[in-house]
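Q: Chains as they are written, first to last, in the working numbering: chain P, 103 to 312; chain L, 389 to 697.
In this text, a Cβ means the ideal position worked out from N, Cα and C, and glycines have one as well.
First the structure, which I've put down as structure tokens, then a few questions once you've had a look.
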Amino acid sequence: MLRRFGLVCVFVSFATLPAHAESVRITQDIEARTITLNGAEIVIDRIQDSENRLEGDFARTSRPCPPFCITPMTVAPGVVTLGELEVMDFLDASVAAGEGLLLDSRLPEFFAKGTIPGAINLPFATLDPANPYRDEILKALGATLTGSDWDFSEARQLAIFCNGPWCDQAPLAIRYLLQSGYPAEKLSYYRGGMQVWLQLGLSTHTPSGG
Amino acid sequence: MSATARVTTTLNAPPDYLGGNMFLASSRRLPEISMLRALAIASLFAGITVALVLFKADPGAPPAAEGANVTRSSAGFDNLAITPTAAVPQVAQSVPQAGPRIQDQGHVASLPAVAADVDLQAMTRGVLAELGVTPPAPPPTDTGADDPLHAMSMAALSGLRKMTGQPDPAQSPSAFQTLIAQALQAGQSDAYIDALLNEAAGSGRITVPSALVTAEGRVDTHVILSTIVAQAAIASGQDIGAAKVSSSGRIQPGQQQVYTVSAGDSLGSIALRFYGDMSRYNTIFDANRTVLSSPDSLRVGQRLVIPTI
């Protein structure tokens with residue numbers, strides 16, 4: 103009798119152990135997020151190997167500051183700061199509906215190595231008012247120019263990120279956009295950036311040709 | 389043989405188009421244009437004669453004769469092949485002089501607004517694409533400093549447009565591009581195209597990029613055609629266009645000029661003159677926003693700052 107009980111115990115623990123070891127969910131309720139963007143399905147989940155560690159550049163702790171200084175939690179008044187779950191919600195609600203854009207503000211060579219699924223590359227430098235092509239970019243974001251006045255009423259909601267809390271490119275992009283008149287309530291800042299996204303083992307996308 | 393055919397079309401073209409009061413507007417410009425034409429034809433004849441003589445003297449040298457015809461690749465584009473060798477430098481010279489241009493205020497009111505503006509570079513590429521010429525890579529600039537920025541901006545734009553489903557101006561030809569391409573394909577003369585574009589703009593059928601509106605409110609056909617010809621020449625492997633067009637007026641580094649707007653100038657023609665690239669008109673526009681409310685609001689006698697780039 104006791105022996106049988108012991109066997110059952112062993113069996114139960116055997117059956118449940120591997121399932122526990124392999125389950126790395128996004129939240130307790132959500133295993134993965136599936137989002138349809140422009141007809142293409144993207145899946146965001148986490149690396150299932152619980153022994154996985156970051157290596158290379160994103161494992162570094164002490165980049166010189168300046169220029170790699172710690173960014174504030176709130177980058178500008180009225181600009182909301184997002185975490186990973188909010189970024190996924192933004193993709194699901196705003197980007198999928200054609201109302202918002204998730205923007206990777208890093209330079210193209212960084213973007214090409216891997217980015218958040220669903221993000222498009224809008225390097226911070228292209229938003230500099232000194233860039234002769236900036237107006238074209240603002241128009242592509244949905245702003246309209248009449249004479250010398252910008253109208254942002256139809257402009258997209260933007261969520262902007264870069265390499266992480268030690269990277270000033272997204273805050274800079276946001277400052278450039280605010281300078282051009284882009285409304286703060288249409289901007290949001292994902293402060294964690296690639297650093298925290300990778301740290302949590304979330305899915306990345308490597309753009310073709312990169 | 390094909391040279392005779394081309395000359396005939398060219399000479400016949402202007403009288404084909406006698407559309408009402410448009411003719412009055414364009415006919416006064418004809419003396420200037422037909423002189424340019426005559427010069428172009430004369431130099432073409434001289435060129436062909438020389439080529440034929442060389443060809444006869446040395447049967448092993450056909451490539452030399454071929455080199456004179458820039459855009460041989462597409463048959464419908466043949467007529468344009470005259471212009472790269474002769475007309476481009478002349479067009480450029482005529483822009484700063486601009487004396488014979490008429491003050492036709494009647495057209496000012498009817499030109500479309502700035503709202504639906506298009507990228508000039510995209511427009512040129514669009515026309516060329518419709519003509520079956522592979523649009524050349526963006527022309528090399530002397531500065532080189534903002535080239536990565538240009539590449540980055542264009543890449544970002546194409547990514548944004550792909551995501552937002554906006555049309556890429558270079559890929560969806562505007563009525564303006566189609567009209568130019570059709571007229572060029574039909575072998576029409578510069579004067580004909582000028583009249584056609586102004587008539588179409590006047591009746592609101594096409595939207596003209598604001599940088600191509602002259603101080604008199606007309607369409608700057610000269611600068612459109614010379615840019616298309618120059619780009620076509622580059623596309624066909626001859627690097628004669630863009631560099632020569634602007635060498636006279638180009639500003640030196642570290643030197644900021646003031647330019648007084650003459651009759652016939654558009655922001656595009658001024659950008660072409662100083663920077664060798666009409667799509668840089670925004671640089672001039674941005675530097676002069678205090679005096680210009682929009683790129684198509686030039687007035688004769690205005691003084692514009694031409695920044696160094």
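Can you list, in chain order, the stretches of the alpha helix (DSSP H) that have 4 or more residues and sit fully within the region 596-631 of chain L?
A: The qualifying runs are 609-623.
Q: Closer than 9 Å, Cβ to Cβ, to anything on chain L: give me those residues from the region 121-154 of chain P, in chain order.
A: For the region 121-154 of chain P, which is checked against every Cβ of chain L, the residues closer than 9 Å are L139, N140.
Q: At a Cβ threshold of 8 Å, is A659 (chain L) touching chain P?
A: Judged by the 8 Å Cβ criterion, A659 (chain L) is not in contact with chain P.
Q: Count the other C-beta atoms from every protein chain shown that fall within 10 angstroms of the C-beta of R162 (chain P), then say buried if there are 16 or more, exposed otherwise.
A: Its Cβ having fewer than 16 others within 10 Å, R162 (chain P) is exposed.
Q: Give the straight-line distance between the Cα atoms of T173 (chain P) and Q573 (chain L), rounded to the nearest whole angstrom.
A: Whole-angstrom Cα-Cα distance: 58 Å.
Q: Cα-Cα, which of P:I276, P:L209, P:D270 is closest to R165 (chain P)?
A: For the residues P:I276, P:L209, P:D270, the minimum Cα distance to R165 (chain P) belongs to P:D270.
Q: Among P:D253, P:A198, P:V197, P:I218, which residue has its Cα nearest to the Cα of S357 (chain P)?
A: Residue 357 (chain P) lies beyond the stretch modelled for chain P, which goes from 103 to 312, so this question has no answer here.
Q: With a cut-off of 8 Å on the beta carbons, I'd call L193 (chain P) and L204 (chain P) a contact; round off their distance for me.
A: L193 (chain P) to L204 (chain P), Cβ: 6 Å. Contact.
Q: Taking all protein chains shown into account, decide if P225 (chain P) is buried (16 or more other Cβ within 10 angstroms of its Cβ) or exposed.
A: It is buried - the Cβ of P225 (chain P) has at least 16 other Cβ atoms within 10 Å.
Q: So, under 8 Å CB-CB, Y284 (chain P) and S541 (chain L) are touching, yes? Tell me the CB distance rounded to an integer number of Å.
A: Y284 (chain P) to S541 (chain L), Cβ: 17 Å. No contact.
Q: So the candidates are P:G294, P:Q297, P:W268, P:H307; which of them puts its Cα closest to the Cα of P168 (chain P)?
A: Looking at the Cα atoms, P:W268 is the closest of the given residues.
Q: So what does DSSP say about V189 (chain P), is it helix, strand or coil?
A: Helix at V189 (chain P).
Q: T648 (chain L): which of L:V693, L:A544, L:S682 sits nearest, CA to CA?
A: The residue with the shortest Cα to Cα distance from T648 (chain L) is L:V693.
Q: Taking T183 (chain P) as the reference, give the member of P:Q130, P:E287, P:A198 with the closest Cα.
A: Cα-wise, what sits closest to T183 (chain P) is P:E287.
Q: In the DSSP assignment, find the alpha helix (DSSP H) that holds R277 (chain P) and state where it starts and stops.
A: Segment 271-281, the alpha helix (DSSP H) holding R277 (chain P).
Q: Of the choices L:S591, L:I568, L:A651, whose alpha-carbon is the least far from that of I612 (chain L)?
A: Among L:S591, L:I568, L:A651, the Cα nearest to that of I612 (chain L) belongs to L:I568.
Q: What do you get for A579 (chain L), buried or exposed, if any count of 16 or more other CB atoms within 10 angstroms of its CB means buried?
A: Its Cβ being crowded by 16 or more others within 10 Å, A579 (chain L) is buried.
Q: Tell me Q150 (chain P)'s beta-bridge partners as DSSP assigns them.
A: BP columns for Q150 (chain P) are empty, so no partner.
Q: Using DSSP with H/G/I as helix, E/B as strand and the rest coil, what is G158 (chain P)?
A: In the structure shown, G158 (chain P) sits in a helix (DSSP, three-state: H, G or I).
Q: Take V181 (chain P) and list the residues in its own chain whose beta-carbon comes closer than 7 Å to its own, dropping the five residues that flank it on each side.
A: Here the set comprises I276, A286, L289, S290, Y291.
Q: With distance defined between alpha-carbon atoms, name the residue in P:P231, P:I222, P:I132, P:A134 nearest to Y278 (chain P).
A: Nearest of P:P231, P:I222, P:I132, P:A134 to Y278 (chain P), Cα basis: P:P231.
Q: Between which two residues does the beta strand (DSSP E) carrying F263 (chain P) extend?
A: Element bounds for F263 (chain P): 259-263.
Q: Mind the definition here: the region 241-255 of chain P touches the region 541-553 of chain L only if three or more C-beta pairs lie below 8 Å; say whether that holds.
A: Touching, yes.
Q: CA-CA distance, Q645 (chain L) and I149 (chain P)?
A: Approximately 60 Å between the Cα atoms of the pair.
Q: So H307 (chain P) and G202 (chain P) are supposed to be a Cβ contact under 8 Å. How far apart are they, rounded?
A: H307 (chain P) to G202 (chain P), Cβ: 17 Å. No contact.
Q: If you compare alpha carbons, which of L:G547, L:S654, L:T512, L:L655 is closest to Q565 (chain L)?
A: For the residues L:G547, L:S654, L:T512, L:L655, the minimum Cα distance to Q565 (chain L) belongs to L:T512.
Q: If you follow the alpha helix (DSSP H) that G715 (chain L) is part of, which residue opens it and which one closes it?
A: Only positions 389 to 697 of chain L appear in this structure, which leaves residue 715 (chain L) out of reach.
Q: Got a sec? Which residues, its chain only, sit under 6 Å from F263 (chain P) by beta carbon, not counting five neighbours each side?
A: Excluding residues within five positions, the ones whose Cβ falls inside 6 Å are A272, Y292, G295.
Q: Per DSSP, which one or two residues make a beta bridge with Y291 (chain P)?
A: In DSSP, Y291 (chain P) forms a bridge with P:T183, P:I262.
Q: Kindly list the residues whose CB is nearer than 8 Å to the CB of I658 (chain L), restricted to its own chain and excluding five residues on each side of it in sequence; keep chain order.
A: Result list for I658 (chain L): Y647, V649, Y669, I672, L692, I694, in chain order.
Q: Counting along the chain, where does the beta strand (DSSP E) carrying D206 (chain P) start and finish?
A: Residues 202-206.
Q: Let me check understanding here. Comparing Cα to Cα, which of L:L655, L:A675, L:N676 lies closest to M666 (chain L)?
A: Of the listed residues, the one whose Cα sits closest to M666 (chain L) is L:L655.
Q: Beta strand (DSSP E) containing D251 (chain P): first to last residue?
A: Counting along the chain, the beta strand (DSSP E) containing D251 (chain P) begins and ends at 251-253.
Q: Is the Cβ of N670 (chain L) closer than 8 Å to any Cβ of chain P?
A: Yes, because at least one Cβ of chain P sits closer than 8 Å to the Cβ of N670 (chain L).
Q: If you draw a straight line from the C-alpha of S682 (chain L) to the C-alpha of S598 (chain L), how long is it?
A: Their Cα atoms are separated by approximately 8 Å.
Q: Please return the same chain residues whose Cβ sits closer than 6 Å to the Cβ of V189 (chain P), not counting the five positions on each side in sequence.
A: Around V189 (chain P): Y292.
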